[in-house]
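Participant:
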Amino acid sequence: MARIGLLTGGGDCPGLNAAIRAIVRSGLRGGHSLLGFRRGWAGVLEGDALELTRESTANLLPRGGTILGTSRTNPFAEGGTPNPKGLAGAEAVHDALARVQVDALIAIGGEDTLGVALRLHDAGVPIVGVPKTIDNDLGGTDATIGFHTAVQIVTDAIDRLHTTAESHNRVMVLEVMGRHAGWIAAHAGIAGGADAILVPERPFDVEEVCAHLRRRHESGRDFSIVVVAEGATPREGTLPIRGDQPVTRAAPTDAFGHARLGGIGVVLESEIEARTGFETRVTILGHVQRGGTPVAFDRVLATRLGVAAVAAAAAGRFGCMVALRGTGIVELPLAEALAEPKLLEDELYETAELFFG
Ligand code: F6P
C-alpha cells in the first residue's frame, strides 16, 4: 500500500477539486493513504501538507478552485532559496517527500507544473501527471481539465454581448484567455457565433479585420462580435503593440518567466473605432473564465483522470501523464506530452471562418 502525495500547481481552473476527490476516493479504495500538498510545489518544498480523507474531500464535485491552493512556485527557478539543509531543485523535492514518507506524487497541472514533474522524474522522483489548463494547449490529450467550463463561460458571455451589441449597433470586442493557443476563442467563438476570431496561431492585420467589419455592415448587419485571445499578435509591422509583450506591471513575469498578458482587446477597441467609425466596446473576461463550478464534462474528465492517475501511481508507472484520447483514458510519457504545445487545428479555425460573413 502506497502513500500518495498530490498537488495542484499553476493557474487554477474548474474541475481541480473533482480530480482531488477522485484521487482520494480511488486511492482510499485501493488501501493507499493520501497527503495533499498546499500551494503546488511551494507546499512540497515547505512540507506544508494535510492528510486527505473521504470526509475532507466530500462535496467537491461542483466546487471551483482547488481546496489545496495553488501557486506558480518553480523548484528549479534561478536564484530559488535552498531549503534549511542547503538543498534545491530535485534534491530538495526528494528530501521533502522522504520526510513525509511519500512513495508517489501526483501533480495536477499545465505545461509549467508538468514541466517540473518531468524534470523531477528524470531525477528519480516517482511522479504521475494529470493535465489541467483552461487554455487546452497541452499535448497528448484531447482535452485538459477546465477547458470545457471556460468555453461555456465565454459562450454565455458572447450570448449576452450579442443582445447589447444589437441594441446599440456596436462592435463588441471580447478578450479571452489563451496564451499560446486559441482553443477557447475558437470553440466559444463558434458556439457563440463570433464574426471574427483572433488567435495566437494566426497573427492578424487590424486593417483586414476592419475591412471585414465594414463589409459586414455594408451588407446590412449593424453589429459585430470580435473574439480575441490574449496571446493574439498583430502581423509584423501592422500595429505598434504585441499581445505577447508584458504590459507595465509591478511583476511583469511569473516564476516560469511568462509575461502577464491582457490588453490586446483594449488596443483593438480603439483601433477598430478609429478606423471604421463604428462605435466599439471591449470586455475583458479575465479570471472569470477560471472561476466557479465546473461543467459536467470537466467533472467527468477530472474523475476519470484522477482514477487513472492513482492506478498508474499504484502500479509504479511513473513519468507518465494520464490523458483523454478519443473516448478513452490513456497513459503517455510526460516528455511526449510536453514536447510541443497543442495548437489550434486549421480545420477548426476554417470552420469558424465560414461563419464570419
Ligand atoms: O495558464 C492559463 C492562463 O489562464 C493563461 O491563459 C493566462 O495567461 C494565465 O493563466 C494567467 O494566470 P495568472 O493571472 O493566474 O497568473
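The numbering of the sequence shown is the numbering used here, which starts it at 302 and goes up by one.
Idealized CB from N, CA, C, for every residue including glycine.
#1: Using 10 angstroms around the beta-carbon of G344, count the other beta-carbons present and answer buried if the total reaches 16, otherwise exposed.
#2: T434: beta carbon under 7 angstroms from a heavy atom of the ligand F6P?
#3: I need the straight-line Cα distance from P595 to L388, nearest angstrom please.
#4: Report the residue from D443, L361, S525, A614 whose alpha carbon sits nearest the alpha carbon of G316.
#5: Can you pull the DSSP bridge partners for I485?
#6: Pull the bridge partners of G410 from the DSSP assignment, please.
#7: Considering only C-alpha positions, which residue in the set V417, S520, F656, M473 is nearest to G341?
#8: Quick one: residues in its chain with C-beta nearer than 6 angstroms to the C-beta of R609, no 5 flanking neighbours on either side, listed in chain order?
#9: With DSSP run on the structure shown, which of helix, strand or coil describes L606?
#10: V548 to D555, Cα distance in whole Å?
#11: Which two residues bound the contiguous alpha helix (DSSP H) that contains I459?
#12: For the beta strand (DSSP E) that contains C621, what are its first and last residues?
#13: E570: beta carbon under 7 angstroms from a heavy atom of the ligand F6P?
#14: With hydrogens ignored, establish whether the beta-carbon of E531 is closer than 7 angstroms to any heavy atom of the ligand F6P.
#15: Could you tell me whether the Cβ atoms of E502 and L655 are closer together than 8 angstroms?
#16: Looking at the ligand F6P, does it come within less than 7 angstroms of D555, judged from the CB to the closest heavy atom?
#17: Just list the residues that DSSP pairs V477 with in beta bridges.
#18: In angstroms, rounded to a whole number, what distance separates the CA positions of R339 and V403?
#19: Pick helix, strand or coil for T549, following the three-state DSSP scheme.
#20: Among residues of its own chain, excluding the 5 on either side of L335, which ones have a beta-carbon nearer than 6 angstroms to its beta-carbon?
#21: May I ask you to report which of helix, strand or coil DSSP gives I491?
#22: Find out if the Cβ-Cβ distance for the pair G563, G532 is shorter than 8 angstroms.
#23: Considering only C-alpha positions, which residue in the set G366, A616, D496, V507 is nearest to R517?
#24: Using only the alpha-carbon positions, how far apart do A393 and L346 sit?
#25: Here's the rule: buried if 16 or more other CB atoms are within 10 angstroms of the residue's CB, otherwise exposed. What is V583?
Facilitator: Let me lay it out:
#1: Position 43 of the sequence shown, counted from the first residue, corresponds to residue 344. Under this definition G344 is a buried residue.
#2: Working through the sequence shown from its first residue, we reach residue 434 at position 133. Yes.
#3: One-based indexing of the sequence shown puts residue 595 at position 294. One-based indexing of the sequence shown puts residue 388 at position 87. So the two alpha carbons sit approximately 39 angstroms from each other.
#4: As a position in the sequence shown, residue 316 is number 15, starting the count at 1. Proximity to G316 across D443, L361, S525, A614 peaks at L361, based on C-alpha coordinates.
#5: Looking up residue 485 in the sequence shown gives position 184. Its beta-bridge partners do not exist; DSSP assigns none.
#6: Translated into the one-based positions of the sequence shown, residue 410 becomes position 109. Note: G410 is bridge-paired with P432 in the DSSP secondary-structure output.
#7: Position 40 of the sequence shown, counting from 1, holds the residue named residue 341. In terms of CA proximity to G341, V417 leads the group V417, S520, F656, M473.
#8: Numbered from 1 along the sequence shown, position 308 holds the residue referred to as residue 609. Here residue 609 is Ala; the residue named in the question, Arg, does not match the sequence. Same-chain partners within the cutoff: V623, I630.
#9: What you label residue 606 is simply residue 305 of the sequence shown in a count that begins at 1. The answer is helix: DSSP assigns L606 an H, G or I state.
#10: Within the sequence shown, the letter at position 247 stands for residue 548. Within the sequence shown, the letter at position 254 stands for residue 555. Summary for V548: the model assigns pLDDT 49, below 50, so the residue's position carries little reliability; its value from the coordinates is reported in the next sentence. Going from the Cα of V548 to the Cα of D555 covers about 13 angstroms.
#11: If you number the sequence shown from 1, residue 459 lands on position 158. In the DSSP annotation of this structure, the continuous segment of the alpha helix (DSSP H) that includes I459 starts and ends at 448 to 469.
#12: As a working mapping, residue 621 is identified with position 320 in the sequence shown. Residues 621 to 626.
#13: Here residue 570 corresponds to residue number 269 of the sequence shown, with the count starting at 1. With a cut-off of 7 angstroms, the C-beta of E570 is classified as distant from the ligand F6P, since no heavy atom of the ligand falls inside that distance.
#14: Sequence index remark: in the sequence shown, residue 531 carries index 230 (1-based). Checking the Cβ of E531 against the ligand F6P gives yes.
#15: In the sequence shown, residue 502 corresponds to position 201, counting from 1. In the sequence shown, residue 655 corresponds to position 354, counting from 1. In this structure, E502 keeps its C-beta atom at 8 angstroms or more from the C-beta atom of L655.
#16: The residue given as residue 555 occupies position 254 in the sequence shown. At least one heavy atom of the ligand F6P falls within 7 angstroms of the beta-carbon of D555.
#17: On the sequence shown, residue 477 is found 176 positions in, with the first residue counted as 1. In DSSP, V477 forms a bridge with A530.
#18: Mapped onto the sequence shown, residue 339 falls at position 38. Mapped onto the sequence shown, residue 403 falls at position 102. A direct Cα-Cα distance of roughly 15 angstroms separates R339 from V403.
#19: Within the sequence shown, residue 549 is the residue found at index 248, counting from 1. Confidence in T549 is poor, its pLDDT being 47 and thus under 50, which makes the residue's placement unreliable; the coordinate value appears in the next sentence. Per DSSP, reduced to three states, the secondary structure at T549 is coil, with no helix or strand assignment.
#20: Position 34 of the sequence shown holds residue 335. The residues I305, V325, G328, L353, in chain order, have a CB closer than 6 angstroms to that of L335 in the same chain once the five nearest residues on each side in sequence are set aside.
#21: Here residue 491 is taken as the residue at index 190 of the sequence shown, counted from 1. Shown here, I491 sits in a helix according to DSSP, grouped into three states.
#22: Translated into the one-based positions of the sequence shown, residue 563 becomes position 262. Translated into the one-based positions of the sequence shown, residue 532 becomes position 231. Between G563 and G532, the gap from beta carbon to beta carbon reaches 8 angstroms or more.
#23: Walking along the sequence shown from the start, residue 517 turns up at place 216. It is D496 whose Cα lies nearest to the Cα of R517.
#24: For this step, residue 393 is matched to residue 92 along the sequence shown. For this step, residue 346 is matched to residue 45 along the sequence shown. Going by the C-alpha atoms only, they are around 7 angstroms apart.
#25: Looking up residue 583 in the sequence shown gives position 282. Label assigned to V583: buried.
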